[in-house]
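**Q** In the working numbering, the protein residues as written are 1177 to 1784.
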Ligand code: F6R
């Protein structure tokens, strides 16, 4: 979705902003723009399409100016055209604004301003902010922004510059992230640390309804009511290299290959082998209530939701807690009654997904306690939950989530194990679990070692236009996640189904034209899944099975197989999803898709 980068300093802003925009590309966008200030002149360039097109519009070396703002836009109000791309300006060309979010009362405000003779030059909701700031400007940019945004309803993260106040930028937030980056004689502003991590790892997050005036030497943080705020700097643990390709052709492949490390990072310092109990420092603030919890709701969207679906099975196996799992987009509109001491656990890579954020706000209103499993430190969900566990997986840049999924599964397992040890699991079971969890990075490496074999399977099947993924129990959500990975990056139609449901409809689709990926590790569902495979085979469906290594019975029965090493039943999903990720990746590559930026998709879905 939309991305913001801003700079105030001593160096030319243009190359820094372009670099920042490139770091935001992964979020998904359809147009881009930049405005650079030099004294009382502001030059603006905008275009529909990619940043590479924007760069062709000017020579960055000739654009002088040490203050500027830039934006990648993902169209909501108005088509992705040059005139709708940000930065937007007022009629005189004094104020320049970049904005993430949606101004909900923009039609009413627009009508009022038009009656006063103000002409609009775009179809966007953002332009209203530029006009309002211009109307209220009397020499003090912060004050003008403050007065303008007090009139708007909806969500925003904005960065603003003004022709008559050089070397200043004002940023503000309500519902859409904006972060200050502190450099050496310069400051940055960005909607996402990835845009500035190359330049600084010292950041300050703005909370909702806060505003900051930024110059090269300092930043002044205040509330929208002008009450000063002091906030300590935070250090971002990502470095510039984490956001580079490091020799991989795509971020998605790089991130698939990072999984042995990211699984390990999810457990680092969190395993206590002799006690058979994980240690999760982040949940200490709520531990007293959490250990008594008997009802939990896991919420998330997309891949994070599927992590929750696996989590439900793991909690059922290891704890005495009744666990529901809900799509955040549905949960937020349901009429819910929570039993006392219910915990709602938000699962989110970005920590900014609008539906998940709305779901936890609704849960809070209904009296639930909130936990977060989040990758982005300091993100909205991390800040709005009572406690939580970070993934510590580094930035996930590929739009298709991979390393975060296995990291989420690892953390859900740790949480379930911790609670289970307090509720019903013996020391022996705890020790056995921790031993198996510690082996996971090596086992994931063994799965990755089959990449060439998986690629050769993709070469045989990538031209088929419909695929089915089947699994039971712990593997049912992996079937859905496998289908999601394939469809989102290769645009092949794929469905994930509970294998037991096949006879209730999807079996009608089976033919030699439909590859069926069956998740069939040696778990308690093995015999049942074997029956499903026979049903597919007897209808000439080609079966690609993901099996436990050495399973000769299945090897003889299916068309293709990919082996995963043996582990505990509830840990298999962390391994079986990896071949699905690689299959999707190779099919998409063979079909020449734009793997890291699939069409119509955004990395962080910050609007409903
Ligand atoms: C799919 C994918 C999405 C996200 C979903 C939630 O590969 O990445 O389905 O999982 O948009 O995003 P987060 O986890 O940031 O809340």
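Cβ coordinates follow ideal geometry from the N, Cα and C atoms, glycine included. Please read these numbers as outputs of a predicted model, since none were measured by experiment.
Assuming residue 1616 and residue 1586 are in contact, meaning their beta carbons sit under 8 Å apart, how far apart are those beta carbons, in whole angstroms?
**A** Against the chain shown, residue 1616 aligns to sequence position 440. Against the chain shown, residue 1586 aligns to sequence position 410. That belief holds up - the Cβ atoms of residue 1616 and residue 1586 are roughly 7 Å apart, short of 8 Å.
**Q** When the Cα atoms are used, what is the spatial distance from residue 1516 to residue 1531?
**A** As a working note, residue 1516 is residue 340 in the chain shown. As a working note, residue 1531 is residue 355 in the chain shown. Across the structure, residue 1516 and residue 1531 are spaced so that their CA atoms are roughly 24 Å apart.
**Q** Determine the contact status of residue 1432 and residue 1757, defining contact as a CB-CB distance below 8 Å.
**A** Taking the first residue of the chain shown as position 1, residue 1432 is located at position 256. Taking the first residue of the chain shown as position 1, residue 1757 is located at position 581. Cβ distance < 8 Å, so residue 1432 and residue 1757 count as in contact.
**Q** State buried or exposed for residue 1409, treating a residue as buried only when at least 16 other CB atoms are found within 10 Å of its CB.
**A** Walking along the chain shown from the start, residue 1409 turns up at place 233. So residue 1409 counts as exposed.
**Q** Going by DSSP, what residues sit across from residue 1632 in a beta bridge?
**A** By 1-based counting over the chain shown, the position of residue 1632 is 456. Answer by DSSP bridge pairing: none, since residue 1632 is not bridged.
**Q** To the nearest whole angstrom, what separates the beta carbons of residue 1764 and residue 1665, a pair I think is in contact under 8 Å?
**A** Counting from one through the chain shown, the residue named residue 1764 turns up at place 588. Counting from one through the chain shown, the residue named residue 1665 turns up at place 489. The pair is a contact, with the Cβ atoms about 4 Å apart (cut-off 8 Å).
**Q** Name the one or two DSSP bridge partners that residue 1643 has.
**A** The sequence position of residue 1643 within the chain shown is 467, counting from 1. Paired residues: 1670.
**Q** On the DSSP bridge assignment, give the partners of residue 1332 in chain order.
**A** To locate residue 1332, count along the chain shown from 1; it is residue 156. Paired residues: 1350 and 1351.
**Q** Name the residue from 1571, 1729, 1681 and 1661 whose alpha carbon lies nearest to the alpha carbon of residue 1693.
**A** Taking the chain shown and counting its residues from 1, the one referred to as residue 1693 is at position 517. Checking every option, the nearest Cα to that of residue 1693 belongs to 1661.
**Q** List the endpoints of the continuous alpha helix (DSSP H) containing residue 1312.
**A** Mapped onto the chain shown, residue 1312 falls at position 136. Its alpha helix (DSSP H) spans residues 1303-1312.
**Q** Just reading off the beta strand (DSSP E) that residue 1364 is part of, what are its end residues?
**A** Within the chain shown, numbered from 1, the residue matching residue 1364 stands at position 188. First-last of the beta strand (DSSP E) with residue 1364: 1363-1366.
**Q** Sorry if obvious, but does the Cβ on residue 1664 come closer than 7 Å to a heavy atom of the ligand F6R?
**A** Taking the first residue of the chain shown as position 1, residue 1664 is located at position 488. Yes - the ligand F6R has a heavy atom lying nearer than 7 Å to the Cβ of residue 1664.
**Q** Considering only C-alpha positions, which residue in the set 1302, 1267, 1297 and 1292 is nearest to residue 1277?
**A** Looking up residue 1277 in the chain shown gives position 101. Residue 1277 has its Cα closest to that of 1302, out of 1302, 1267, 1297 and 1292.
**Q** Ignoring anything shorter than 4 residues, give me the alpha helix (DSSP H) runs that lie fully in the region 1653-1736, in order along the chain.
**A** Complete alpha helix (DSSP H) runs here, min 4: 1702-1713 and 1728-1733.
**Q** What residues are listed by DSSP as bridge partners for residue 1219?
**A** Reading the chain shown from its first residue, position 43 is the one you call residue 1219. Paired residues: 1212.
**Q** Which of helix, strand or coil does DSSP assign to residue 1275?
**A** What you label residue 1275 is simply residue 99 of the chain shown in a count that begins at 1. It is a strand residue.
**Q** Could you give the first and the last residue of the continuous beta strand (DSSP E) run that contains residue 1296?
**A** Translated into the one-based positions of the chain shown, residue 1296 becomes position 120. Taken as a continuous stretch (DSSP letters only), residue 1296 belongs to no beta strand (DSSP E), as it is neither H nor E.
**Q** Taking the alpha-carbon positions, what's the residue 1389 to residue 1322 distance?
**A** For the purposes of this step, residue 1389 is taken as residue 213 along the chain shown, with counting starting at 1. For the purposes of this step, residue 1322 is taken as residue 146 along the chain shown, with counting starting at 1. Approximately 11 Å, taken between the alpha carbons.
**Q** Is any heavy atom in the ligand F6R found nearer than 7 Å to the beta carbon of residue 1529?
**A** Here residue 1529 refers to the residue found at position 353 of the chain shown. Under cutoff, so the answer is yes.
**Q** One question on the structure: do residue 1352 and residue 1331 come within less than 8 Å of each other, judged by their Cβ atoms?
**A** Translated into positions along the chain shown, residue 1352 becomes position 176. Translated into positions along the chain shown, residue 1331 becomes position 155. Cβ atoms of residue 1352 and residue 1331: closer than 8 Å.
**Q** Taking only the alpha-carbon atoms, compute the straight-line gap between residue 1504 and residue 1481 and give it to the nearest angstrom.
**A** Residue mapping note: residue 1504 aligns to position 328 of the chain shown, counting from 1. Residue mapping note: residue 1481 aligns to position 305 of the chain shown, counting from 1. Near 8 Å, if we compare the C-alpha coordinates of residue 1481 and residue 1504.
**Q** For residue 1554, which residues in the same chain have their Cβ closer than 7 Å to its Cβ, ignoring the five residues on either side in sequence?
**A** Numbered from its first residue, the chain shown carries residue 1554 at position 378. So the qualifying residues of the chain are 1381 and 1410.
**Q** Can you give, in chain order, each stretch of the alpha helix (DSSP H) that sits fully within the region 1419-1444 and has at least 4 residues?
**A** 1427-1433 and 1435-1443
**Q** Below 8 Å on the Cβ atoms is my guess for residue 1670 versus residue 1659; work out the distance and round it to an integer in Å.
**A** The count along the chain shown starts at 1 and reaches residue 1670 at position 494. The count along the chain shown starts at 1 and reaches residue 1659 at position 483. The pair is a contact, with the Cβ atoms about 4 Å apart (cut-off 8 Å).
**Q** For residue 1725, which option in 1549, 1423, 1575 and 1737 has the closest C-alpha, if you only look at C-alpha atoms?
**A** One-based indexing of the chain shown puts residue 1725 at position 549. Closest by C-alpha distance to residue 1725, out of 1549, 1423, 1575 and 1737, is 1737.
**Q** Hey, residue 1305 and residue 1324: beta-carbon distance below 8 Å or not?
**A** Stepping through the chain shown from its first residue, residue 1305 is reached at position 129. Stepping through the chain shown from its first residue, residue 1324 is reached at position 148. Yes. Within cutoff.
**Q** On the DSSP letters alone, give me the boundaries of the beta strand (DSSP E) that residue 1505 sits inside.
**A** As a position in the chain shown, residue 1505 is number 329, starting the count at 1. Secondary structure note for residue 1505: it is in no beta strand (DSSP E), and the uninterrupted alpha helix (DSSP H) holding it is 1504-1507.
**Q** Which residues in the same chain have their Cβ closer than 7 Å to the Cβ of residue 1310, if we skip the five residues on either side of it in sequence?
**A** As a position in the chain shown, residue 1310 is number 134, starting the count at 1. 1266, 1268, 1270 and 1271.
**Q** Among the candidates 1727, 1700, 1734 and 1702, whose CA atom is the shortest distance from the CA of residue 1715?
**A** As a position in the chain shown, residue 1715 is number 539, starting the count at 1. Among 1727, 1700, 1734 and 1702, the Cα nearest to that of residue 1715 is on 1734.
**Q** For residue 1494, which of helix, strand or coil comes out of DSSP?
**A** Mapped onto the chain shown, residue 1494 falls at position 318. Residue 1494 falls in the helix class under three-state DSSP.
**Q** When every heavy atom of the ligand F6R is checked, does at least one fall within less than 7 Å of the C-beta of residue 1601?
**A** Taking the first residue of the chain shown as 1, we reach residue 1601 at position 425. No, since every heavy atom of the ligand F6R falls outside the 7 Å radius drawn around the Cβ of residue 1601.
**Q** May I ask which residues mark the beginning and end of the beta strand (DSSP E) holding residue 1395?
**A** Along the chain shown, one-based indexing puts residue 1395 at 219. Run containing residue 1395: 1395-1399, per the beta strand (DSSP E) assignment.
**Q** Can you find a heavy atom of the ligand F6R that lies under 7 Å from the Cβ of residue 1525?
**A** Locating residue 1525 in the chain shown gives position 349, where the first residue counts as 1. Yes; taking the cut-off as 7 Å, the Cβ of residue 1525 has a heavy atom of the ligand F6R nearer than that.
**Q** Can you tell me whether DSSP reads residue 1357 as helix, strand or coil?
**A** Here residue 1357 is taken as the residue at index 181 of the chain shown, counted from 1. Three-state DSSP puts residue 1357 in a strand.
**Q** Indicate, with yes or no, if the ligand FAD has a heavy atom lying under 7 Å from the CB of residue 1781.
**A** Ligands in the displayed structure: the ligand F6R; the ligand FAD is not one of them.
**Q** State yes or no: is the C-beta of residue 1480 nearer than 7 Å to some heavy atom of the ligand F6R?
**A** Counting from one through the chain shown, the residue named residue 1480 turns up at place 304. Yes, the ligand F6R has a heavy atom inside 7 Å of this Cβ.
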